[in-house]
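Only one structure is covered here, and it is reproduced in the block below.
Protein chains: 2
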Amino acid sequence: MQKPIFQTTILGSSGAMPTSSKHTSTQLLKYDNKLFLLDCSEGTQMQLKRMKAPIMKINNIFISHLHGDHYLGLPGLLFTLHLLGREKELNLYSPPGLSEIIKMQFDICKMKLAYKINYHDLEKGGETIFEDSSLKIETIEMLHSIPSFGFLFTEKQGVKNIKKEYVTKYDMPFNKIIDIKNGSDYITSQGQILPNEKITIPPPSPRIYAFCSDTVYTEYFIDQIKGANMLYHEATFRKEFSDIARQKFHATTTEAATIALKANVKKLLIGHYSARYNDKELGSYLEEAKTIFSNTCLAEETKTYKIN
Amino acid sequence: MQKPIFQTTILGSSGAMPTSSKHTSTQLLKYDNKLFLLDCSEGTQMQLKRMKAPIMKINNIFISHLHGDHYLGLPGLLFTLHLLGREKELNLYSPPGLSEIIKMQFDICKMKLAYKINYHDLEKGGETIFEDSSLKIETIEMLHSIPSFGFLFTEKQGVKNIKKEYVTKYDMPFNKIIDIKNGSDYITSQGQILPNEKITIPPPSPRIYAFCSDTVYTEYFIDQIKGANMLYHEATFRKEFSDIARQKFHATTTEAATIALKANVKKLLIGHYSARYNDKELGSYLEEAKTIFSNTCLAEETKTYKIN
């Protein structure tokens, strides 16, 4: 059976301020038919439109922290959803304070949205903030100048698949198929026992995406993200500015790569580039990170990265 | 003598919500060496960067009203100016409420700007809110669903210029030149009186730009903008939607043109197009307006319009 789509698309990759070619940091995560917005920086609604993303299908928006470069596109997007006739509730997850900002802006212009926003205040790491039959999302606690969170997307363990030839051969009834998928053996009409492991294929191993937003280098959350299929870790600076990075509670290329290595993840995606570097200099970001963790790639706007 | 530069550049031309190709409404006005921002919609700082505008030279920002499509780019721009090391004070003009929004956003992320913002609350039309030796700026009261203002930029009457041949012929001293520019006659060393009007050229007539933001059709401010060299008037809808326009406190193409005609302005610039029309349909905006006021042009992003 084909695995559901699990991918992240970069809408912005710049840190702190945009450049003429790069928006501040935002990602659009897709799992199966679900769309999640990770941060919502200035210009996000235009990026979504340019990419023809079905914005009405976004039901959950996760704001890592309340620095402007991570949420200033939100009021505009919320207003646009209203204009487009949204009626469905929308979930907003962020450290405390976002609801006050949003409410004040709409109050001042006497605006009442046609849909309800459910505000979810994030208080600590390791909390499950979203869960359905196929996906679980937990907070990851970052170490930044203000409360900041990453988000851990963990696919649920799938059920076993039955080898097709047995279904046909024994004309298995539907309810028995469910039992087998859940671990039962099968007894044929002749009374023969077919052991579960003989007639099934194990489910694919669950995939994990660890999205780590603004943070200084810290090993605090390594255990939580261990073995992730993909880790996004900010790398605001090249290693030459490790002092400035520490001072501003940000990380460098080599620090992001060190976390990837120690957490034994499969792939590292870096972004949130300082605006002091131009686009041509980003190659050196990649080189530096690769000296420590070879399977690294650069977050590039409008590009989609599969989580496999 | 060459007149100072007086021009407006369109940074955004869409109304209410951006499209994949158009930002919401903002203009960058240049008079001589002064830069003014008229509204500051989402993405303005990126537009300014793309156009290589010297953003540190903007000292006065005018927000017409507190609907998100006219100010949501402001917090990001203010933060970027801070990151770029701005120390000079910045003047923000808007209807009451903007300071609370901005302060709350910076308070929540424990951010202190390195420069001072002077907030100027706009209360009524016809008020002079900026004046220096060459330019005066007054508010124009719009009629919208919330308090909304336009801005009237009036060039100061210049001084007379002396005909060069007289300066050379009589070797006029500097202090006399100043007197003549201010209206004095000139007495030659032989005692001959040269009348002021003989030796001077009248100053160029002062130019006026009337920027009228979101408003329903109203003739209330026509006297104030009479004879302007250029009028920007919103034209959110084509005439087919005049009922919706009225209901939403917006204007149509033919209404904007009617105001231009009645105010006897020289040129009309229309914009704030509804996102329901695509770029190809904007030609019909122009056609409709031109049936009433022929010297109309469309606000097109990144284009500059001279006020002459």
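Residue numbers (the working numbering), protein chains in the order written: chain A, 1 to 308; chain B, 309 to 616.
Just so it is clear, CB atoms sit at the ideal spot from N, CA and C, and this is done for glycine as well.
**Report entry** Length of the line joining the Cα atoms of residue 166(A) and residue 9(A)
**Finding:** 40 Å
Query raised in the report: The beta strand (DSSP E) spanning residue 59(A) covers which residue range?
Result: 58-62
Requested in this report: Give the secondary structure of residue 295(A) by DSSP, where H, G and I count as helix, E and B as strand, and everything else as coil.
Outcome: Correct three-state label for residue 295(A): coil.
Requested in this report: Please classify residue 131(A): is it buried, with 16 or more other beta-carbons within 10 angstroms of its beta-carbon, or exposed?
Outcome: exposed
Query raised in the report: residue 340(B) lies in the beta strand (DSSP E); which residues open and close that run?
Result: Careful: residue 340(B) lies outside any beta strand (DSSP E) and carries neither H nor E.
Report task. Please report how far the alpha carbon of residue 383(B) lies from the alpha carbon of residue 390(B), in whole angstroms. Result -> 11 Å
Query raised in the report: On the three-state DSSP scale, how would you describe residue 591(B)?
Result: Three-state result, residue 591(B): helix.
Query - Limits of the alpha helix (DSSP H) - the one that residue 408(B) falls within - result: 406-416
Requested in this report: Consider the Cβ of residue 350(B): report whether some Cβ of chain A lies at a distance smaller than 7 Å.
Outcome: Closer than 7 Å to some Cβ of chain A, the Cβ of residue 350(B) qualifies, so yes.
**Report entry** Any 3 or more C-beta pairs closer than 8 Å across the region 85-100 of chain A and the region 392-400 of chain B
**Finding:** no
Query raised in the report: Using the beta-carbon count (16 or more within 10 Å), is residue 321(B) buried or exposed?
Result: buried
Query raised in the report: Any C-beta of chain A sitting closer than 7 Å to the C-beta of residue 571(B)?
Result: no
Query raised in the report: residue 366(B) CB to nearest chain A CB: under 7 Å?
Result: no
**Report entry** Limits of the alpha helix (DSSP H) - the one that residue 531(B) falls within
**Finding:** 530-533
Query - Span of the alpha helix (DSSP H) around residue 549(B) - result: Residue 549(B) -> no alpha helix (DSSP H), and no H or E assigned at all.
Report task. Give a yes or no on whether the minimum CB-CB distance between residue 362(B) and chain A is below 7 Å. Result -> no
Requested in this report: Kindly indicate the opening and closing residues of the beta strand (DSSP E) around residue 444(B).
Outcome: From DSSP, the beta strand (DSSP E) with residue 444(B) extends over 443-449.
Query - Distance, residue 160(A) Cα to residue 187(A) Cα - result: 18 Å
Query raised in the report: Mind listing which residues of the region 467-481 of chain B have their C-beta closer than 9 Å to chain A's C-betas, in chain order?
Result: none
Report task. Quick one: list the residues of chain A neighbouring residue 607(B), beta-carbon separation under 7 Å, in chain order. Result -> Here the premise fails: no neighbours, minimum Cβ distance about 18 Å.
Query raised in the report: Thinking C-alpha only, which one of 63(A), 72(A) and 111(A) is nearest residue 119(A)?
Result: If we check each option's Cα against that of residue 119(A), 63(A) comes out closest.
Requested in this report: Could you name the residues that DSSP lists as bridge partners for residue 586(B)?
Outcome: According to DSSP, residue 586(B) bridges with nothing at all.
Query raised in the report: Along the chain, where does the alpha helix (DSSP H) that runs through residue 353(B) open and close?
Result: 352-358
Requested in this report: Give me the Cα-Cα distance between residue 176(A) and residue 156(A), rounded to the nearest whole angstrom.
Outcome: Looking at the two C-alpha atoms, the distance is approximately 23 Å.
Query raised in the report: So which of 552(B), 525(B), 500(B) and 608(B) has the shortest CA-CA distance to residue 578(B)?
Result: In terms of CA proximity to residue 578(B), 608(B) leads the group 552(B), 525(B), 500(B) and 608(B).
Report task. For the region 123-144 of chain A, enumerate the residues whose C-beta is nearer than 7 Å to any C-beta of chain B, in chain order. Result -> none
Requested in this report: Closer than 6 Å by C-beta to residue 58(A): which residues in its own chain qualify, once you throw out the five before and the five after it? Chain order, please.
Outcome: Apart from the 5 residues on each side of it in sequence, residue 58(A) sits with its Cβ closer than 6 Å to the Cβ of 35 and 37 in its chain, given in chain order.
Query raised in the report: Hey, out of 313(B), 449(B), 352(B) and 543(B), whose CA is closest to residue 654(B)'s CA?
Result: A question about residue 654(B) goes unanswered here, because the residues of chain B that appear run from 309 up to 616.
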